[in-house]
Amino acid sequence: MAHNKEELKDLIDGKLPWPKVRAIISGPKDDDRFDKYLEILQERVPWKNKILLSLAEHLYIVEKENERIIKCDCGYEFGDYRVNWKLNARIYVRDTEEKLDEVFFGPRKPDPKFCEVREYYCPGCGIQLEVETLPIGYPAVFDFLPDIDAFYREWLGRPLETEKEFKDLTYELTQKWGQESQSK
Amino acid sequence: MVEVKKGIGKDGKTLKQMLEETARLTKETGCYTGITELKQKEEAPIKYELLHSRMLSALIAGRETTRMIAASPIVREVQELCIALYTPEGHCVATSTGIQVHIVPMGEVIQWMIRNGYEEDPGINEGDIFTCNDNTIAGMHPADVYDISPIFYEEELVGWVVTVIMEVDIGSVSCAPMPATTNVERFSDGVFICAEKTGTDDKLRRDFLTRMERTLRYPNMFILDRKGALAANIKVREEVKRLIDEFGLEYYEQTTRELIEDSRRTQLYRVRQRTVPGRFRNPIYLEIYLKDKPVPAYARKDVIRLIPADIKIKPSGEIEIDFEGAGDWGWHSLNTTPAGMYGGLAITLAMTMAYDGKANYGTLMPCEIKCPYDSIMKPSTMYLPTANLWAPVLVFYANFLESLSRAYYSRGFREEIILGVNQVSLITNGRFQKGDPRIPMLGEFAPGGEPRQMGGLGSGARGIADGIDLTMYNPETDSGNIEVWELGLAALYIGSRIMPDSGGFGKYRGGFNLCSTQMVHKAEWTIAETMATHTVNRILQNRGIFGGYPGNVFYAYVVRNANTNELIEQGLPLPRSEGDPRNPDIKKLVKGDISLVKAWWCSDEVLKDYDLIQDCLHSNNGGYGDPIERDTSLIKSDLDLGFTTAEACRNIYCTQASYDENEEEWTIDEQRTKELRQARKRERLQKGVPFKDWWQKTRERIVKNEMEPLLLEMYHNSMGKGPRFAEEFRKFWSLPQDFTLGGE
Numbered sequence: 017m018a019h020n021k022e023e024l025k026d027l028i029d030g031k032l033p034w035p036k037v038r039a040i041i042s043g044p045k046d047d048d049r050f051d052k053y054l055e056i057l058q059e060r061v062p063w064k065n066k067i068l069l070s071l072a073e074h075l076y077i078v079e080k081e082n083e084r085i086i087k088c089d090c091g092y093e094f095g096d097y098r099v100n101w102k103l104n105a106r107i108y109v110r111d112t113e114e115k116l117d118e119v120f121f122g123p124r125k126p127d128p129k130f131c132e133v134r135e136y137y138c139p140g141c142g143i144q145l146e147v148e149t150l151p152i153g154y155p156a157v158f159d160f161l162p163d164i165d166a167f168y169r170e171w172l173g174r175p176l177e178t179e180k181e182f183k184d185l186t187y188e189l190t191q192k193w194g195q196e197s198q199s200k
Numbered sequence: 002m003v004e005v006k007k008g009i010g011k012d013g014k015t016l017k018q019m020l021e022e023t024a025r026l027t028k029e030t031g032c033y034t035g036i037t038e039l040k041q042k043e044e045a046p047i048k049y050e051l052l053h054s055r056m057l058s059a060l061i062a063g064r065e066t067t068r069m070i071a072a073s074p075i076v077r078e079v080q081e082l083c084i085a086l087y088t089p090e091g092h093c094v095a096t097s098t099g100i101q102v103h104i105v106p107m108g109e110v111i112q113w114m115i116r117n118g119y120e121e122d123p124g125i126n127e128g129d130i131f132t133c134n135d136n137t138i139a140g141m142h143p144a145d146v147y148d149i150s151p152i153f154y155e156e157e158l159v160g161w162v163v164t165v166i167m168e169v170d171i172g173s174v175s176c177a178p179m180p181a182t183t184n185v186e187r188f189s190d191g192v193f194i195c196a197e198k199t200g201t202d203d204k205l206r207r208d209f210l211t212r213m214e215r216t217l218r219y220p221n222m223f224i225l226d227r228k229g230a231l232a233a234n235i236k237v238r239e240e241v242k243r244l245i246d247e248f249g250l251e252y253y254e255q256t257t258r259e260l261i262e263d264s265r266r267t268q269l270y271r272v273r274q275r276t277v278p279g280r281f282r283n284p285i286y287l288e289i290y291l292k293d294k295p296v297p298a299y300a301r302k303d304v305i306r307l308i309p310a311d312i313k314i315k316p317s318g319e320i321e322i323d324f325e326g327a328g329d330w331g332w333h334s335l336n337t338t339p340a341g342m343y344g345g346l347a348i349t350l351a352m353t354m355a356y357d358g359k360a361n362y363g364t365l366m367p368c369e370i371k372c373p374y375d376s377i378m379k380p381s382t383m384y385l386p387t388a389n390l391w392a393p394v395l396v397f398y399a400n401f402l403e404s405l406s407r408a409y410y411s412r413g414f415r416e417e418i419i420l421g422v423n424q425v426s427l428i429t430n431g432r433f434q435k436g437d438p439r440i441p442m443l444g445e446f447a448p449g450g451e452p453r454q455m456g457g458l459g460s461g462a463r464g465i466a467d468g469i470d471l472t473m474y475n476p477e478t479d480s481g482n483i484e485v486w487e488l489g490l491a492a493l494y495i496g497s498r499i500m501p502d503s504g505g506f507g508k509y510r511g512g513f514n515l516c517s518t519q520m521v522h523k524a525e526w527t528i529a530e531t532m533a534t535h536t537v538n539r540i541l542q543n544r545g546i547f548g549g550y551p552g553n554v555f556y557a558y559v560v561r562n563a564n565t566n567e568l569i570e571q572g573l574p575l576p577r578s579e580g581d582p583r584n585p586d587i588k589k590l591v592k593g594d595i596s597l598v599k600a601w602w603c604s605d606e607v608l609k610d611y612d613l614i615q616d617c618l619h620s621n622n623g624g625y626g627d628p629i630e631r632d633t634s635l636i637k638s639d640l641d642l643g644f645t646t647a648e649a650c651r652n653i654y655c656t657q658a659s660y661d662e663n664e665e666e667w668t669i670d671e672q673r674t675k676e677l678r679q680a681r682k683r684e685r686l687q688k689g690v691p692f693k694d695w696w697q698k699t700r701e702r703i704v705k706n707e708m709e710p711l712l713l714e715m716y717h718n719s720m721g722k723g724p725r726f727a728e729e730f731r732k733f734w735s736l737p738q739d740f741t742l743g744g745e
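If you're matching them up, the sequences are chains H and Z in order.
Here the numbering used here = 1-based position in the first sequence + 16.
Here the numbering used here = 1-based position in the second sequence + 1.
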């Protein structure tokens, strides 16, 4: 069952009346959803790069020349999609009682000796892109590394022109940072 | 010539032969029991659907029958039961609604019986009933009791029907069905019924019932539950026989197997249709604090266990979940089992992806869960308690929902996004005063306690709307009548209210949670403990998505020597809700010894009449999206209903609102709100630092082992459990290959 674009826009914006949402949830899924979804998102961003995948609120994996990068809708570019984008964000860590109490009132907060709340902001626009709550010392979580080539090739049946290896490249960046630290 | 005894399965085969043959054919073809074509479905689809619908109707009717017979509010109102139909090999064909987490372990119990030669001894006959709650065979916790009935047609075993019911008490050393902190070894779990033949000729054995009468605290409810389950099983069994009469045996046998293969294919299709392949990550942590608890010396220690989780959606549509790096098992009740993890996957998929009524064994076939042996996910001993093997299951699958949600988001199916929750509450254990006509009962639930709390938790946020208030993973559940609960409690409820701001903040917030207050009443004594199903105390699980915050940490207030009697006599207000968490009503209104307690607390003194317990059921349910993008009409609605506070409105949502006392409603200053939100973005850019700067500072702390000893031990432990976590941890922090935290 296909849904018209206007209906999908309202769905995306949380404006579709609940009876219609419920009907969409209960009904067969629309096979053209992904293409219509990308069309809607592409129309909404202020830049021209082709969106390959919508990764998160405000974040897109886009084609840029021969690369695939993560880009915020404000235009800020985070680099190769295979590197955890959080490493190129700004971070604010709630690691004291006072900082935690701003969000977790009174006894509702975790213990800052054990747990920290990390807020990741887009350096371009200041939007809060992700919040992590983790034991102190835990690496930044790479929430989702999509296998874009397999997706386009095997699921959508239209392979992308140039393929990229499905590989987590985050550690190449952290190793580089480590070498820089040692050489200082 | 020696006569070879015929098996009870198809064409005289034994069930063991059938099980082996099914496994072989499935392995050889990749399709369930070698079914490469769905012939019945393709040739006569209406007939195929009709058989399934009739089976489903029988199962749901069986479930309702049980509810009419049982006395327990857990069955009648909370609806913690489920009934499912199996192939002779123990593979689920169809399941009723309800606690579908059991469709996997119930089948595993059947297979265990087959592998252990039950066909020979004790024998499997028409009218037999087998009962099991031993989770080292398979199960979710001992209070969930399985009643298993074989279905014969013309002397051939053609299937099984199994009913699971959660009991109010299973005789464990710690009270109630969800034991609390003090279960540390198997023999504290309560009564074990180990796939025992408990009845013949559709009648429960008198000696079995006698044992239960003398072993449980609440035998009447247990026995009525068994009778309810038996009635349901007979109802389904007889309907299956009628179906075979009508459709033919060959058709029934072929189609029940096709239904499994059909569900396997549909699951692969659904994954490919709704998600995006790739790798997802989100670790979980289990906090275990037993150092100062009344447990044997060998268990008396605090540990935190890390469970890294690597989830892959493969290009084939298969799902793989790998827990390499999961920490050690221990003498506490939070160890789990692979069957438990598959059970969690079953209910998660049945509720969020395979919700067409056809979830069965086939739905799980394209999924693999890797639980490392000798870890908290798959202990190497059976002598551990299984009372809370639910704990890692529920914590993980709440996170799993978030990972699935990321895939739905990328594919455009935002209506499918929903985030998961944790579950903690207090359990009380008391005894009525002498002379009270009610049954003197040990073991019941605190306000909002499991399973009353099933209706007390808010879900995580959804992708197009706020989370659902006061709900749980079983959508049929409600909390039951308070008056019914009070029949078995030496306590009275004096209030149950929604707690403002109790869902994780976000563009869409988490659903709201319940604050429930109970006064000890007509008790000889009462003690209380936190339920150990979930362990969030110091570390919040990593919930919240796309900039939404996680929900809150659970806590409760306990007041001993409370002056509630005076308040009642003088007509003064009672603390019926929490109020301001920084200055709660209970502290303002009540005099007595007030304690704020969190997970892993147990009372060291008894509570007496008029003492109070107030359960603040925070479920760690996350929000979706940046809170400063929340629609102001939603904020106004929450303000008007008293569900959010002026502080959250101003400081979290950056929204300018004022209260109009004449109109008795809030108004939003949209222009000022825009300015506040812009200012917040600028403020973030000033206070946020480049990740690399933070990384360098944190790395120095790690190199120097500058963190709490419990965390050092947690990392050290997981770094010794397989290469992946250790290697990736070292690479992320750019550390030498031999580096370990907390090492010598």
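We put the beta carbon where it would ideally sit given N, CA and C, even for glycine.
Computed from a predicted structure; not experimentally measured.
ask   = Given Ile113(H), which residues of its chain have a CB within under 8 Å of its CB, disregarding the five upstream and five downstream residues?
value = As a working mapping, residue 113(H) is identified with position 97 in the first sequence. Reading off the sequence, residue 113(H) comes out as Glu, not Ile. Hits under 8 Å: Lys125, Pro128.
Reference Glu417(Z); option with closest CA among Cys141(H), Trp101(H), Ala39(H):
In the second sequence, residue 417(Z) corresponds to position 416, counting from 1. Relative to the Cα of Glu417(Z), the nearest Cα in the group Cys141(H), Trp101(H), Ala39(H) belongs to Ala39(H).
Can we say the segment 655-667 of chain Z touches the segment 582-602 of chain Z, given the rule of at least three CB pairs closer than 8 Å? No, the segment 655-667 of chain Z is not in contact with the segment 582-602 of chain Z.
task: Assign Gly512(Z) to one of two classes, buried (16 or more other C-beta atoms within 10 Å of its C-beta) or exposed (fewer than that).
output: Position 511 of the second sequence, counting from 1, holds the residue named residue 512(Z). With 16 or more other Cβ atoms within 10 Å, it is buried.
Q | Minimum Cβ-Cβ distance from Gln191(H) to chain Z less than 7 Å | A | As a first step, residue 191(H) must be located in the first sequence, where it is residue number 175. At least one chain Z Cβ lies under 7 Å of Gln191(H).
(Q) Pull the bridge partners of Glu666(Z) from the DSSP assignment, please. (A) Indexing the second sequence from 1 puts residue 666(Z) at position 665. For Glu666(Z), the beta-bridge partners assigned by DSSP are Asp661(Z).
**Message:** For Val704(Z), which residues in the same chain have their Cβ closer than 6 Å to its Cβ, ignoring the five residues on either side in sequence?
**Reply:** The count along the second sequence starts at 1 and reaches residue 704(Z) at position 703. Cβ neighbours of Val704(Z) within its own chain (closer than 6 Å, five residues either side excluded): none.
Mind checking which residues open and close the beta strand (DSSP E) that includes Arg110(H)?
The sequence position of residue 110(H) within the first sequence is 94, counting from 1. In the DSSP assignment, Arg110(H) falls within the unbroken beta strand (DSSP E) covering 106-110.
How many Å lie between Ile289(Z) and Gly331(Z) at the Cα? Counted from its first residue, the second sequence places residue 289(Z) at position 288. Counted from its first residue, the second sequence places residue 331(Z) at position 330. Their backbone Cα atoms lie some 10 Å apart in a straight line.
- Task: Tell me whether Asp51(H) sits in a helix, a strand or coil according to DSSP, three-state version.
- Result: Working through the first sequence from its first residue, we reach residue 51(H) at position 35. Three-state result, Asp51(H): helix.
* Asked: Measuring CB to CB, does Val102(Z) end up less than 7 Å from Met141(Z)?
  -> As a first step, residue 102(Z) must be located in the second sequence, where it is residue number 101. As a first step, residue 141(Z) must be located in the second sequence, where it is residue number 140. Against a cut-off of 7 Å, the Cβ pair of Met141(Z) and Val102(Z) comes out as a contact.
key: Buried versus exposed call for Met222(Z) [16 or more other C-beta atoms within 10 Å across all chains shown]   = Here residue 222(Z) refers to the residue found at position 221 of the second sequence. Met222(Z) comes out buried.
TODO: Consult DSSP for Leu736(Z) and reduce its assignment to one of helix, strand or coil.
DONE: The count along the second sequence starts at 1 and reaches residue 736(Z) at position 735. It is coil, neither helix nor strand.
Distance check for Leu26(Z) and Lys14(Z), CA to CA, integer angstroms please. Here residue 14(Z) refers to the residue found at position 13 of the second sequence. Here residue 26(Z) refers to the residue found at position 25 of the second sequence. Each residue's Cα considered, the two are about 16 Å apart.
Q: For Ala39(H), return the contacting residues in chain Z, with the cut-off set at a CB-CB distance below 8 Å.
A: Within the first sequence, numbered from 1, the residue matching residue 39(H) stands at position 23. What Ala39(H) touches in chain Z, judged by beta-carbon distance under 8 Å, is nothing: the nearest beta carbon there is about 10 Å away.
Q | Spatially closest choice to Thr201(Z) from Ile130(Z), Glu156(Z), Ala491(Z), by CA coordinates | A | Against the second sequence, residue 201(Z) aligns to sequence position 200. Nearest of Ile130(Z), Glu156(Z), Ala491(Z) to Thr201(Z), Cα basis: Ile130(Z).
### Query
Within the chosen definition, does the segment 92-106 of chain H reach the segment 691-711 of chain Z through at least 3 CB pairs nearer than 8 Å?
Yes: at least three Cβ pairs fall under 8 Å.
*Do you know offhand how far Met442(Z)'s Cα is from Ser73(Z)'s?*
For the purposes of this step, residue 442(Z) is taken as residue 441 along the second sequence, with counting starting at 1. For the purposes of this step, residue 73(Z) is taken as residue 72 along the second sequence, with counting starting at 1. Bear in mind that the predicted position of Met442(Z) carries a pLDDT of just 45, short of 50, making it unreliable; the figure below should be weighed with that in mind. Spanning the alpha carbons of Met442(Z) and Ser73(Z) requires a straight line of approximately 14 Å.
At what residues does the beta strand (DSSP E) containing Phe131(Z) begin and finish? Counted from its first residue, the second sequence places residue 131(Z) at position 130. Secondary structure note for Phe131(Z): its beta strand (DSSP E) is the uninterrupted segment 130-133.
(message) Let me make sure I understand the geometry here. Which of Pro62(H), Asp96(H), Asp48(H), Asn82(H) has the alpha-carbon closest to that of Glu188(H)?
(response) By one-based count along the first sequence, residue 188(H) stands at place 172. Comparing Cα-Cα distances from Glu188(H) to each of Pro62(H), Asp96(H), Asp48(H), Asn82(H), the minimum goes to Asp96(H).
- Message: Does Glu213(Z) come out as helix, strand or coil in the three-state DSSP assignment?
- Response: Counting from 1 along the second sequence, the entry for residue 213(Z) is found at position 212. Here residue 213(Z) is Met; the residue named in the question, Glu, does not match the sequence. Three-state DSSP puts Met213(Z) in a helix.
- So which of Ile308(Z), Arg273(Z), Asp375(Z), Ala71(Z) has the shortest CA-CA distance to Leu405(Z)? By 1-based counting over the second sequence, the position of residue 405(Z) is 404. Minimum Cα distance to Leu405(Z) is reached at Arg273(Z).
Subject >> Span of the beta strand (DSSP E) around Leu150(H) >> reply: Numbered from its first residue, the first sequence carries residue 150(H) at position 134. Where Leu150(H) is concerned, the enclosing beta strand (DSSP E) stretches over 144-151.
Gly759(Z) lies in the alpha helix (DSSP H); which residues open and close that run? It is not possible to answer for residue 759(Z), since the shown part of chain Z is limited to 2 through 745.
Which one of Val422(Z), Asp122(Z), Ser189(Z), Ile224(Z) has the shortest CA to CA distance from Leu67(Z)?
Locating residue 67(Z) in the second sequence gives position 66, counting from the first residue. The displayed chain sequence assigns Thr, not Leu, to residue 67(Z). Taking only the C-alpha atoms, the option nearest Thr67(Z) is Ile224(Z).
ask   = When the Cα of Glu665(Z) is compared with those of Gln679(Z), Gly643(Z), Gln672(Z), which residue comes out closest?
value = What you label residue 665(Z) is simply residue 664 of the second sequence in a count that begins at 1. Minimum Cα distance to Glu665(Z) is reached at Gly643(Z).
Using beta carbons (cut-off 7 Å, strictly below), is Val304(Z) in contact with chain H? Position 303 of the second sequence, counted from the start, is the residue given in the question as residue 304(Z). No - not a single Cβ of chain H is within 7 Å of the one on Val304(Z).
Can you tell which of Trp113(Z), Arg306(Z), Pro551(Z) has its C-alpha closest to the C-alpha of Pro393(Z)?
-> For the purposes of this step, residue 393(Z) is identified with residue 392 of the second sequence, where counting begins at 1. Nearest of Trp113(Z), Arg306(Z), Pro551(Z) to Pro393(Z), Cα basis: Arg306(Z).
- Message: Would you call the segment 345-360 of chain Z in contact with the segment 107-126 of chain Z, where contact means no fewer than 3 C-beta pairs closer than 8 Å?
- Response: They do not touch, by the three-pair rule.
For this session: With a threshold of 16 other CB atoms inside 10 Å of the CB of Thr565(Z), please say whether the residue is buried or exposed.
Result: Locating residue 565(Z) in the second sequence gives position 564, counting from the first residue. That one is buried.
### Query
Can you list, in chain order, the stretches of the alpha helix (DSSP H) that have 4 or more residues and sit fully within the segment 675-739 of chain Z?
Segments of the alpha helix (DSSP H) lying fully in the segment 675-739 of chain Z: 692-704, 710-720, 724-733.
Rounded to a whole number of angstroms, what is the C-alpha to C-alpha distance between Asp246(Z) and Tyr253(Z)?
Indexing the second sequence from 1 puts residue 246(Z) at position 245. Indexing the second sequence from 1 puts residue 253(Z) at position 252. Taking the straight line joining both Cα atoms gives about 10 Å.
Rounded to whole angstroms, what's the CA-CA distance from Pro574(Z) to Leu590(Z)? Just pull it up for me. Here the question's residue 574(Z) lines up with position 573 in the second sequence. Here the question's residue 590(Z) lines up with position 589 in the second sequence. Inter-residue distance for Pro574(Z) and Leu590(Z) is about 7 Å (C-alpha atoms, whole angstroms).
### Query
Is the Cβ-Cβ distance between Thr183(Z) and Val296(Z) less than 7 Å?
Taking the first residue of the second sequence as 1, we reach residue 183(Z) at position 182. Taking the first residue of the second sequence as 1, we reach residue 296(Z) at position 295. Judged by their CB atoms, Thr183(Z) and Val296(Z) are nearer to each other than the 7 Å cut-off.
| said: Spatial neighbours of Thr645(Z) within its chain, please: C-beta separation below 7 Å, excluding the five flanking residues on both sides. | reply: Here residue 645(Z) refers to the residue found at position 644 of the second sequence. Pro501, Asp502, Ile636, Asp639, listed in sequence order.
Note to self: Give me, in chain order, the residues of the same chain whose beta-carbon lies closer than 6 Å to that of Ile84(Z); leave out the 5 immediate sequence neighbours on both sides.
What the structure shows: Translated into positions along the second sequence, residue 84(Z) becomes position 83. Correct list, in chain order: Leu60, Gly63, Arg64, Ser97, Thr164, Ala233.
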